[in-house]
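Chemist: Next up is a structure, given as structure tokens.
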Amino acid sequence: MGWTLLLCCSLLVAATGASADSSKTRQAYERARSGYVALAERDSDVDDLMEWEQAASSLLIFVREYRDPDYTPRALFLLGRLYEFTYEKRRFQTGLTRATYFYESLAAQYPRHSLADDALLRLGDLRRDALADPDGAQQAYTAVIESYPNGDMLEQARSRLGIAAGEAAPASMPEPTPSSGLGLFGFLSGKSKAGKDSKEVFSRSDPKRRPVIVIDPGHGGEEDGAIGIDGVKEKDVVLNISLMLEELLQDRLRAKTVLTRRTDVHVPLQERTKIANDHDADLFISVHANASVYHAAKGIETYYLDNTNDKSSLKLAERENASWQAGGGDDLSFILSDLIQNGKLDESITLAHYTQDALHESLSRYYRGVKNLGVKKAPFYVLVGAHMPCVLVEVSFIDHPVEGKRLATRRYQKLIAAALYEGVRAYFEREGE
Ligand SMILES: [Zn+2]
330 MGWTLLLCCS
340 LLVAATGASA
350 DSSKTRQAYE
360 RARSGYVALA
370 ERDSDVDDLM
380 EWEQAASSLL
390 IFVREYRDPD
400 YTPRALFLLG
410 RLYEFTYEKR
420 RFQTGLTRAT
430 YFYESLAAQY
440 PRHSLADDAL
450 LRLGDLRRDA
460 LADPDGAQQA
470 YTAVIESYPN
480 GDMLEQARSR
490 LGIAAGEAAP
500 ASMPEPTPSS
510 GLGLFGFLSG
520 KSKAGKDSKE
530 VFSRSDPKRR
540 PVIVIDPGHG
550 GEEDGAIGID
560 GVKEKDVVLN
570 ISLMLEELLQ
580 DRLRAKTVLT
590 RRTDVHVPLQ
600 ERTKIANDHD
610 ADLFISVHAN
620 ASVYHAAKGI
630 ETYYLDNTND
640 KSSLKLAERE
650 NASWQAGGGD
660 DLSFILSDLI
670 QNGKLDESIT
680 LAHYTQDALH
690 ESLSRYYRGV
700 KNLGVKKAPF
710 YVLVGAHMPC
720 VLVEVSFIDH
730 PVEGKRLATR
740 RYQKLIAAAL
750 YEGVRAYFER
760 EGE
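See below:
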């Protein structure tokens, strides 16, 4: 859901009363929660981490889409519990970081909610037991005692600090320093955190300014990407397409273009968005070719960055993200930047629709049965932290017997580059309106 829509909905609520909407909120929360509860019963040893990520995604989506003073903190608490559990069972380090993070966020953002002191107590226990941070633990317990003297966690917090019932807390306890919430929950108030608005910069304040477009050919170097039926490599195909696209954008749109790689080299995923940010780009387009388990899937799909609980999108993101995980990428910074990127969510979705439509239309003109798999969302690391509208295009399935053969030809590659160009042009034309 884009911000515009979200804003409209909340205005509607203000005008018509919140009763219908609050039951919708509760239902959405219950759906996300029951997914988690069922999973905890089904997979109590956390054998399938992917499923747990999926359950977390559902909760996270709820957190993002509903800003409810009661249910949002509940969902944050469940996220904390969920990740804490993955850490307990699997020693999943990311689970530990995330659990801490969600408890901190809850306590900082919803200090008046009845779960705030529960979150602080859990936070204290994690710091004490898992993070070997006795000072941090003490701060959390102290915060429970001082800020929630009537809460149900009071006695537990006191006993953690070795204070007997009825005894006064030592005066020398350090002041609790509640987390700032890491600035992340700006997204809850719907505020854009990212810098400039490309609409203003590109077409309003200076119509003659040339757009800066960063094209990102996926993979490269030792990382082949998906492999086609005749051994064709994704990294080679997408580089060809990217170079062709660059030429079109320069010639026809007078755009300044930057490629994240021009040869068969490895470029870390973090580096790719950094290139885009450093160049103050107006758009970021990551070009990829798809593959499926049974080599039977075909079609075109375009992604924007978001959390999702759709299994196939998560699987795809997992594969495209592989090099990030292998490179020890920090998972938490992923969540954070992911949410910061939300400032450009609307524009990214718009761009995704333009490129997707252009691709489907162009290819359908030449080939029968081109499948439009649509615009989707997934947590792609390569789009994380980009301060501009950005999309990831899966131009076709390289391992499909028919599509893969086509994809290996210059003709098809050119067609795709031309279609992507069309999509970008249409996007900017609409921007200039
Ligand atoms: Zn790829």
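Following the working numbering, the residues of the sequence shown are numbered contiguously, the last one being 762.
Glycine residues also receive a C-beta, built at the ideal position from the N, C-alpha and C atoms.
These figures come from a predicted structure and were not determined experimentally.
What runs of the alpha helix (DSSP H), each 4 residues or longer, lie entirely inside the segment 414 to 443?
Modeler: Those alpha helix (DSSP H) runs which fall completely within the segment 414 to 443 and span 4+ residues are 422 to 438.
Chemist: Scan the segment 560 to 646 and note each continuous beta strand (DSSP E) run of 3 residues or more that stays entirely inside, going in chain order.
Modeler: Listed in chain order, the complete beta strand (DSSP E) runs (minimum 3 residues) inside the segment 560 to 646 are 585 to 588, 612 to 619 and 629 to 634.
Chemist: Which partner residues of valine 713 appear in the DSSP bridge assignment?
Modeler: Valine 713 is not bridged to any residue.
Chemist: So, with DSSP's three-state summary, where would you put serine 532?
Modeler: In this prediction, serine 532 scores a pLDDT of 44, lower than 50, which makes its location untrustworthy; the coordinate-derived value is nonetheless stated afterwards. It is helical.
Chemist: Comparing the CB of histidine 689 with every heavy atom of ligand 1, is any distance shorter than 7 Å?
Modeler: It does not: the Cβ of histidine 689 is nowhere closer than 7 Å to a heavy atom of ligand 1.
Chemist: Helix, strand or coil: how does DSSP classify proline 463 here?
Modeler: Note: proline 463 maps to helix in three-state DSSP.
Chemist: By alpha-carbon positions, which one of Asp374, Ala448, Asp462 and Ala461 ends up nearest to alanine 486?
Modeler: The shortest C-alpha separation from alanine 486 is found at Ala448.
Chemist: Please classify serine 352 as buried or exposed, where buried requires at least 16 other C-beta atoms within 10 Å of its C-beta.
Modeler: It is exposed - the Cβ of serine 352 has fewer than 16 other Cβ atoms within 10 Å.
Chemist: Considering Cα atoms alone, identify which of Glu732, Asp609 and Arg740 is closest to proline 718.
Modeler: It is Asp609.
Chemist: Any heavy atom of ligand 1 closer than 7 Å to the CB of histidine 548?
Modeler: Under cutoff, so the answer is yes.
Chemist: Is the Cβ-Cβ distance between alanine 555 and isoleucine 390 less than 8 Å?
Modeler: The answer is no: Cβ separation not under 8 Å.
Chemist: Alpha carbon to alpha carbon, how far is glutamine 383 from glycine 409? Give it in angstroms, no decimals.
Modeler: So the alpha carbons of these two residues sit roughly 15 Å apart.
Chemist: If you pair each beta-carbon of the segment 704 to 720 with each one of the segment 640 to 653, do three or more pairs fall below 8 Å?
Modeler: At 8 Å Cβ cutoff, the stretches touch.
Chemist: So which of Asn479, Asp675, Gln467 and Glu475 has the shortest CA-CA distance to glycine 491?
Modeler: Closest by alpha carbon: Gln467.
Chemist: Relative to the C-alpha of proline 597, which candidate in Gly549, Lys585, Ala618 and Val587 has its C-alpha closest?
Modeler: Measuring from the Cα of proline 597, the nearest candidate turns out to be Gly549.
Chemist: Under the assumption that alanine 626 contacts histidine 729 (Cβ atoms under 8 Å), give the Cβ distance between them as a whole number of angstroms.
Modeler: Their Cβ separation, rounded to whole angstroms, is 7 Å, which keeps alanine 626 and histidine 729 in contact under 8 Å.
Chemist: Grouping DSSP H, G and I as helix and E and B as strand, with all else coil, what is valine 366?
Modeler: If DSSP states are grouped into helix, strand and coil, valine 366 belongs with the helices.
Chemist: Just grab the DSSP bridge partners of lysine 705 for me.
Modeler: Lysine 705 pairs with Tyr632.
Chemist: For leucine 490, which three-state DSSP category applies?
Modeler: Note: leucine 490 maps to coil in three-state DSSP.
Chemist: Is any non-hydrogen atom of ligand 1 found closer than 7 Å to the C-beta of glycine 628, if you look at the structure I gave you?
Modeler: No, ligand 1 has no heavy atom inside 7 Å of this Cβ.
Chemist: Would you say the beta carbon of arginine 707 comes nearer than 7 Å to a heavy atom of ligand 1?
Modeler: Looking at the sequence itself, residue 707 is alanine, so the reference to arginine does not match. No, ligand 1 has no heavy atom inside 7 Å of this Cβ.
Chemist: May I ask which residues mark the beginning and end of the beta strand (DSSP E) holding valine 375?
Modeler: Neither: valine 375 is in no beta strand (DSSP E) and is coded neither H nor E.
Chemist: Distance, Cα to Cα, phenylalanine 769 vs alanine 385?
Modeler: Past the edges of the chain, shown from 330 to 762, lies residue 769, and the structure says nothing about it.
Chemist: I want to check one thing, is the minimum distance from the CB of glycine 557 to the heavy atoms of ligand 1 below 7 Å?
Modeler: Answer for glycine 557: no, Cβ out of range of ligand 1.
Chemist: Determine, using beta-carbon pairs with one atom in the segment 743 to 759 and one in the segment 674 to 685, whether at least three such pairs fall under 8 Å.
Modeler: With the cut-off at 8 Å, the segment 743 to 759 and the segment 674 to 685 touch.
Chemist: State buried or exposed for serine 666, treating a residue as buried only when at least 16 other CB atoms are found within 10 Å of its CB.
Modeler: Residue confidence for serine 666 is low, a pLDDT of 45 falling below 50, so the modelled location carries little weight; the figure read from the coordinates is stated next. Classification for serine 666: buried.
Chemist: On the three-state DSSP scale, how would you describe proline 505?
Modeler: Because proline 505 carries a pLDDT of 35, less than 50, the predicted location of this residue cannot be relied on, and the following value inherits that uncertainty. Of the three classes helix, strand and coil, the one that applies to proline 505 here is coil, per DSSP.
Chemist: If you count every other CB in all the chains shown that lies within 10 Å of the CB of alanine 748, and 16 or more means buried, which is it?
Modeler: Buried, since its Cβ has 16 or more Cβ neighbours within 10 Å.
Chemist: Leaving aside the five residues before and after tyrosine 477 along the sequence, list all residues of the same chain whose C-beta is less than 6 Å from its C-beta, in chain order.
Modeler: Excluding residues within five positions, the ones whose Cβ falls inside 6 Å are Asp446.
Chemist: Run the CB neighbour count on methionine 461, radius 10 Å, all protein chains shown included, and call it buried at 16 or more, exposed below.
Modeler: Sequence inspection shows alanine at residue 461; the methionine mentioned does not correspond to that position. With fewer than 16 Cβ atoms within 10 Å of its Cβ, alanine 461 is classed as exposed.
Chemist: Is glycine 554 near ligand 1 - that is, is its Cβ less than 7 Å away from at least one heavy atom of it?
Modeler: For ligand 1, at least one heavy atom lies less than 7 Å from the Cβ of glycine 554.
Chemist: For the alpha helix (DSSP H) containing proline 718, list its first residue and its last residue.
Modeler: Where proline 718 is concerned, there is no enclosing alpha helix (DSSP H), given that its DSSP letter is neither H nor E.
Chemist: Verify whether the separation of the beta carbon atoms of alanine 746 and leucine 574 is less than 8 Å.
Modeler: Contact: yes.
Chemist: Could you pull out every residue in the same chain whose Cβ sits closer than 7 Å to the Cβ of aspartate 621, ignoring the five residues on either side in sequence?
Modeler: In the sequence on display, residue 621 carries serine and not aspartate. Cβ neighbours of serine 621 beyond the five flanking positions: Phe726 and Asp728.
Chemist: Report the option in Ala459, Ser615, Asp580 and Glu433 whose CA atom is closest to the CA atom of arginine 590.
Modeler: Ranking Ala459, Ser615, Asp580 and Glu433 by Cα distance to arginine 590 puts Ser615 first.
Chemist: Rounding to the nearest angstrom, what Cα-Cα distance links alanine 437 and proline 540 in this structure?
Modeler: Taking the straight line joining both Cα atoms gives about 40 Å.
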